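> Next up is a structure, given as structure tokens.
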Amino acid sequence: MIQQMQFALKQVQQKRPLVHHLTNYVTVNDCANITLAIGGSPVMADAIEEVKDMASMASSVVLNMGTINKRTLASMITAGKTANQKGIPVVFDPVGVGATRYRNESALEILSKVTCDVIRGNASELCFLLERKSETNGVDAAINAQDYDIQTMVVNLANTFHCVVACTGAIDIISDGKKVIKIYNGHKQMSAITGTGCMCTSLIGAYCGANDDTFIATCSALISMGIAGELAYEKTKQQGLGHFHMGILDEIGKLDAQTIAQEAKYDETEY
Amino acid sequence: MIQQMQFALKQVQQKRPLVHHLTNYVTVNDCANITLAIGGSPVMADAIEEVKDMASMASSVVLNMGTINKRTLASMITAGKTANQKGIPVVFDPVGVGATRYRNESALEILSKVTCDVIRGNASELCFLLERKSETNGVDAAINAQDYDIQTMVVNLANTFHCVVACTGAIDIISDGKKVIKIYNGHKQMSAITGTGCMCTSLIGAYCGANDDTFIATCSALISMGIAGELAYEKTKQQGLGHFHMGILDEIGKLDAQTIAQEAKYDETEY
Amino acid sequence: MIQQMQFALKQVQQKRPLVHHLTNYVTVNDCANITLAIGGSPVMADAIEEVKDMASMASSVVLNMGTINKRTLASMITAGKTANQKGIPVVFDPVGVGATRYRNESALEILSKVTCDVIRGNASELCFLLERKSETNGVDAAINAQDYDIQTMVVNLANTFHCVVACTGAIDIISDGKKVIKIYNGHKQMSAITGTGCMCTSLIGAYCGANDDTFIATCSALISMGIAGELAYEKTKQQGLGHFHMGILDEIGKLDAQTIAQEAKYDETEY
Numbered sequence: 557m558i559q560q561m562q563f564a565l566k567q568v569q570q571k572r573p574l575v576h577h578l579t580n581y582v583t584v585n586d587c588a589n590i591t592l593a594i595g596g597s598p599v600m601a602d603a604i605e606e607v608k609d610m611a612s613m614a615s616s617v618v619l620n621m622g623t624i625n626k627r628t629l630a631s632m633i634t635a636g637k638t639a640n641q642k643g644i645p646v647v648f649d650p651v652g653v654g655a656t657r658y659r660n661e662s663a664l665e666i667l668s669k670v671t672c673d674v675i676r677g678n679a680s681e682l683c684f685l686l687e688r689k690s691e692t693n694g695v696d697a698a699i700n701a702q703d704y705d706i707q708t709m710v711v712n713l714a715n716t717f718h719c720v721v722a723c724t725g726a727i728d729i730i731s732d733g734k735k736v737i738k739i740y741n742g743h744k745q746m747s748a749i750t751g752t753g754c755m756c757t758s759l760i761g762a763y764c765g766a767n768d769d770t771f772i773a774t775c776s777a778l779i780s781m782g783i784a785g786e787l788a789y790e791k792t793k794q795q796g797l798g799h800f801h802m803g804i805l806d807e808i809g810k811l812d813a814q815t816i817a818q819e820a821k822y823d824e825t826e827y
Numbered sequence: 557m558i559q560q561m562q563f564a565l566k567q568v569q570q571k572r573p574l575v576h577h578l579t580n581y582v583t584v585n586d587c588a589n590i591t592l593a594i595g596g597s598p599v600m601a602d603a604i605e606e607v608k609d610m611a612s613m614a615s616s617v618v619l620n621m622g623t624i625n626k627r628t629l630a631s632m633i634t635a636g637k638t639a640n641q642k643g644i645p646v647v648f649d650p651v652g653v654g655a656t657r658y659r660n661e662s663a664l665e666i667l668s669k670v671t672c673d674v675i676r677g678n679a680s681e682l683c684f685l686l687e688r689k690s691e692t693n694g695v696d697a698a699i700n701a702q703d704y705d706i707q708t709m710v711v712n713l714a715n716t717f718h719c720v721v722a723c724t725g726a727i728d729i730i731s732d733g734k735k736v737i738k739i740y741n742g743h744k745q746m747s748a749i750t751g752t753g754c755m756c757t758s759l760i761g762a763y764c765g766a767n768d769d770t771f772i773a774t775c776s777a778l779i780s781m782g783i784a785g786e787l788a789y790e791k792t793k794q795q796g797l798g799h800f801h802m803g804i805l806d807e808i809g810k811l812d813a814q815t816i817a818q819e820a821k822y823d824e825t826e827y
Numbered sequence: 557m558i559q560q561m562q563f564a565l566k567q568v569q570q571k572r573p574l575v576h577h578l579t580n581y582v583t584v585n586d587c588a589n590i591t592l593a594i595g596g597s598p599v600m601a602d603a604i605e606e607v608k609d610m611a612s613m614a615s616s617v618v619l620n621m622g623t624i625n626k627r628t629l630a631s632m633i634t635a636g637k638t639a640n641q642k643g644i645p646v647v648f649d650p651v652g653v654g655a656t657r658y659r660n661e662s663a664l665e666i667l668s669k670v671t672c673d674v675i676r677g678n679a680s681e682l683c684f685l686l687e688r689k690s691e692t693n694g695v696d697a698a699i700n701a702q703d704y705d706i707q708t709m710v711v712n713l714a715n716t717f718h719c720v721v722a723c724t725g726a727i728d729i730i731s732d733g734k735k736v737i738k739i740y741n742g743h744k745q746m747s748a749i750t751g752t753g754c755m756c757t758s759l760i761g762a763y764c765g766a767n768d769d770t771f772i773a774t775c776s777a778l779i780s781m782g783i784a785g786e787l788a789y790e791k792t793k794q795q796g797l798g799h800f801h802m803g804i805l806d807e808i809g810k811l812d813a814q815t816i817a818q819e820a821k822y823d824e825t826e827y
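Protein chains in written order, with this note's numbering: chain P, 557 to 827; chain F, 557 to 827; chain L, 557 to 827.
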């Protein structure tokens, strides 16, 4: 699988996929910069009048619910449907789902109208999507579902929505409903920076925009982010969170096949 | 008071307050990151459909008028009223008030409908709120109210709105209408970074979300920001403004009881 | 011309022009910070209810189409018209024009209703404005108009809209319809950071807000950005893209007359 991930990165760097983001205004700059750093080309556009045109020319479409409202929800659905018609992969990040009724309804509306190729969230967000209940302590919520078997949840969610599901946390778990990958890369300090989840989702968008195998693309994105977090922490820990934030972008920009081979830490299993 | 501020910081780090922000799209990333860096948990959400739910579960609500519009003004008022009903502290940042009629009307509408626990602004913004006139040279306006006694203005404003008022500038002045604290921490270079005011407000939100005494919470937040600015300037002055910006987040993330004791510079008086 | 550019910088630092931005939510923080770093005072406001008031008191108005929508398009037109009535310079950045029909119509609507003093874009964007056709591969599009003579295009566009046109790329070309300046400063790594184009536009806004000669102001802004990119790259290349991003802001903040004299690389010609 290392070779597949190395190839996936090379594809991103060579094809320079156009990643159309409909995303939140909190972490959007980081999402654009990380897409550029991995080798993609980001475009952010959410006017209902243009999302059809923009999604049509994109290599992938990222729907991130972070600061969703009525206007942008409608644009996300239009962009997502357009991508579906054209066979362009859609990556969905249900930020904060479980926290408010509106957020819940919005996520379920998107999932009912748009076929998503990849869903990425934390355990509490994905839990909600599976159970349509659960509670979150806001967007960066810690999971109180410790007694829940997260791996089973991820596999079930993948089978429910017939897509790849990526659950990020201390250990990342990715499944397409059959295969399961656990990724051990990353550093706990990443949760002290806003947007590391959103950046993961943008990386998935970039990888999926340049690779047909969305499962490998998603694993590659999460391993890329995890490795970048580890290397950035090593180099910036003396300085602190502001420099760590910049360090993550540094390391994504320097990522290459050799670093992936040296640093990737994961398990593969069939479920 | 040092011990009270040390305790206030510890409370933030232990309680990890959820700070619901309705804020501008210019400095929102910094607001989220500084909330995380001090130990809080930021959530940004401004859809009218969800702000009641989000504010209800928050530890504090921050209303920042930076890029206000009709849609977000309505959401701010709803979020603020909800917080009032639930006894959740509301921190108000009347960014740029005095600059345009719309901004003036919006600030006064918020203040008439929402009981704010803390108001933070620069002298020209607070002047306007007190006098309902004054002129600003835009958002980062220098005060031409030099002949005005700022301390009296802050005390009067605190008594007018029955809340804590924090006026930030070369010297920060905080009052609850009786006690007055002057804080001498900070560095003039901080005004060359956008959002240092907004970041202060977010820190106040984090401290108020974890502490019952809003006066101590506000003083702690401003001293935290001032100390971070000083330490960051020392470490990054050779490099420049971009690194100074990151340095502020570095230092907030490293702040501890000892640093507060060593670095805090302030005067207390009764008015 | 070096002396004129040195004078232009001094004017920015002394007059501290208020640059009213109506801009996108992706790069807005960088736009504000670079405006501060060069010595200006940024204000971001896009509510239709206040843009007349804000534009009226501004030294210059920047219209950046990055994440335009119906609401902000109307505000841009109102702000632009207000600036025209008051004789305040308007700088237009038609981000991504050519990519979608809505973006094309919006750009042409702005240009038909607002007299722009400066238009800045990349070759594909400016090509579209001239030809009203052309194709872009999204916002950061590479130009497939290699066989097109960009200099002729810039001159023609300047004559068509009776304004200064700045085309940024490997070589920057600026014309007022008669004079042409080519700027060789900059580093190719700048295109791996989102918003270097937007930041250029904000610098043009700051220079035009403090100088009557918009041609010199525009050249000064692009040379400032190019020099900052080169110096930042030298200092941060070991670290990577995140630090390079901060480095650009560092260098703009340290720019002075001597650095301009030492580092500026350009040609002047009459067309």
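All C-beta atoms, glycine included, are put in the ideal place defined by N, C-alpha and C. In this text the structure is predicted, and so the values were computed from the model without any measurement.
Am I right that Thr724(L) and Cys756(L) are in contact with their C-beta atoms under 8 Å? What's the rounded C-beta distance?
Rounded, the Cβ-Cβ distance is 6 Å, consistent with contact.
> Under 9 Å, CB to CB, which of the residues in the stretch 787 to 801 of chain F have a partner in chain L?
Within the stretch 787 to 801 of chain F, the qualifying residues are Thr792, Gln795, Gly796, Leu797, Gly798, His799, Phe800, His801.
> Can Gly595(F) and Val618(F) be called in contact, C-beta distance under 8 Å?
In this structure, Val618(F) does not lie closer than 8 Å to Gly595(F) by Cβ.
> Using C-beta distances below 6 Å, list every residue in its chain close to Asp649(F), excluding the 5 sequence neighbours before and after it, in chain order.
Correct list, in chain order: Asn620, Arg676, Thr757.
> State the Cα-Cα distance for the pair Gly803(F) and Tyr789(F), rounded to the nearest angstrom.
The straight-line gap from Cα to Cα measures roughly 7 Å.
> Go ahead and label Ser597(L) buried or exposed: buried means 16 or more other beta carbons lie within 10 angstroms of its beta carbon, across all protein chains shown.
Answer is buried; the Cβ neighbour count reaches 16.
> Could you tell me whether any Cβ in chain L is nearer than 8 Å to the Cβ of Lys642(P)?
Judged by the 8 Å Cβ criterion, Lys642(P) is not in contact with chain L.
> The alpha helix (DSSP H) with Gly803(P) in it runs from where to where?
Taken as a continuous stretch (DSSP letters only), the alpha helix (DSSP H) holding Gly803(P) covers 797 to 810.
> Pull the bridge partners of Asp586(P) from the DSSP assignment, please.
Asp586(P) is not bridged to any residue.
> How is Val568(F) classed by DSSP in three states: helix, strand or coil?
Correct three-state label for Val568(F): helix.
> In the stretch 697 to 757 of chain L, which residue ranges form an unbroken beta strand (DSSP E) of at least 3 residues, counting only runs that do not cross its ends?
Within the stretch 697 to 757 of chain L, the complete beta strand (DSSP E) runs of at least 3 residues are 720 to 723, 728 to 731, 735 to 739.
> Answer with buried or exposed for Arg659(P), where buried requires no fewer than 16 other C-beta atoms within 10 angstroms of its C-beta.
The residue is buried, with at least 16 neighbouring Cβ atoms inside 10 Å.
> Please name the residues in the stretch 618 to 645 of chain F whose beta-carbon is closer than 8 Å to at least one beta-carbon of chain L, in chain order.
Residues Gly622, Thr623, Ile624, Asn625, Lys626.
> Identify which residue in Ser780(P), Asp806(P), Gln707(P) has its Cα closest to the Cα of Thr815(P).
Answer by Cα proximity: Ser780(P).
> Tell me the DSSP bridge mates of Met600(F)?
In the DSSP output, where bridge partners are listed per residue, Met600(F) has His577(F).
> The stretch 567 to 586 of chain L: which residues have C-beta closer than 9 Å to a C-beta of chain P, in chain order?
Those would be Asn580, Tyr581, Val582, Thr583, Val584, Asn585, Asp586, in chain order.
> At which residues does the alpha helix (DSSP H) containing Asn660(P) begin and terminate?
From DSSP, the alpha helix (DSSP H) with Asn660(P) extends over 657 to 669.
> Look at Ile730(F) and His801(F) and say whether their C-beta atoms are less than 8 Å apart.
Result no, Cβ atoms of Ile730(F) and His801(F) do not sit closer than 8 Å.
> Considering only their Cβ atoms, is the gap separating Val575(P) from Ser616(P) smaller than 8 Å?
Taking 8 Å as the Cβ cut-off, Ser616(P) and Val575(P) qualify as a contacting pair.
> Helix, strand or coil: how does DSSP classify Gly677(L) here?
It is a strand residue.
> Are any of the Cβ atoms in chain P nearer than 8 Å to that of Val647(F)?
Taking Cβ atoms only, chain P never reaches closer than 8 Å to Val647(F), which makes this a no.
> Which bits of chain F does Thr750(P) rub up against, with CB to CB less than 7 Å?
Neighbours of Thr750(P) on chain F, chain order: Asn585, Ala588, Asn589, Leu592, Pro598.
> Secondary structure at Asp609(F), three-state DSSP: helix, strand or coil?
Helix.
> Hey, Val721(L) and Leu759(L) are a contact pair by Cβ (cut 8 Å); roughly how many whole angstroms apart?
Not quite, the Cβ-Cβ distance comes to about 16 Å (not below 8 Å), so this is no contact.
> Any contact between the stretch 768 to 788 of chain L and the stretch 734 to 747 of chain L? By contact I mean 3 or more CB pairs, one from each, below 8 Å.
They touch, by the three-pair rule.
> Comparing C-alpha positions only, which one of Lys669(F), Val674(F), Gly809(F) sits nearest to Thr638(F)?
When each option's Cα is compared against that of Thr638(F), the closest is Lys669(F).
> Answer with buried or exposed for Ile558(P), where buried requires no fewer than 16 other C-beta atoms within 10 angstroms of its C-beta.
It is exposed - the Cβ of Ile558(P) has fewer than 16 other Cβ atoms within 10 Å.
> Would you call Ala817(P) buried or exposed, if buried means 16 or more other Cβ atoms sit within 10 Å of its Cβ?
Exposed, because fewer than 16 other Cβ atoms sit within 10 Å of the Cβ of Ala817(P).
> Out of Ile739(L), Val674(L), Val651(L), point me to the one whose CA is closest to Leu713(L)'s CA.
Nearest option by C-alpha distance: Val674(L).
> Which residues of chain F have a Cβ atom closer than 7 Å to the Cβ of Met709(L), listed in chain order?
Neighbours of Met709(L) on chain F: none; closest Cβ ~34 Å, over 7 Å.
> Just the Cα atoms here: how many angstroms apart are Val607(P) and His577(P)?
Straight-line Cα distance between these residues: approximately 10 Å.
> Just the Cα atoms here: how many angstroms apart are Thr634(P) and Ile633(L)?
Roughly 27 Å between the two C-alpha positions.
> List the residues of chain F whose Cβ lies closer than 8 Å to the Cβ of Gly652(P), in chain order.
Ordered by position in chain F, the residues that pass the 8 Å Cβ test against Gly652(P) are Val599, Ala601.
> Using 10 angstroms around the beta-carbon of Arg572(P), count the other beta-carbons present and answer buried if the total reaches 16, otherwise exposed.
Flag for Arg572(P) reads buried.
> Within the 8 Å Cβ cut-off, does Thr656(F) reach chain L?
Output row for Thr656(F): interface = yes.
> Residues of chain L with CB closer than 8 Å to the CB of Leu805(P), please, in chain order.
Simply Gly796, Leu797, Gly798, His801.
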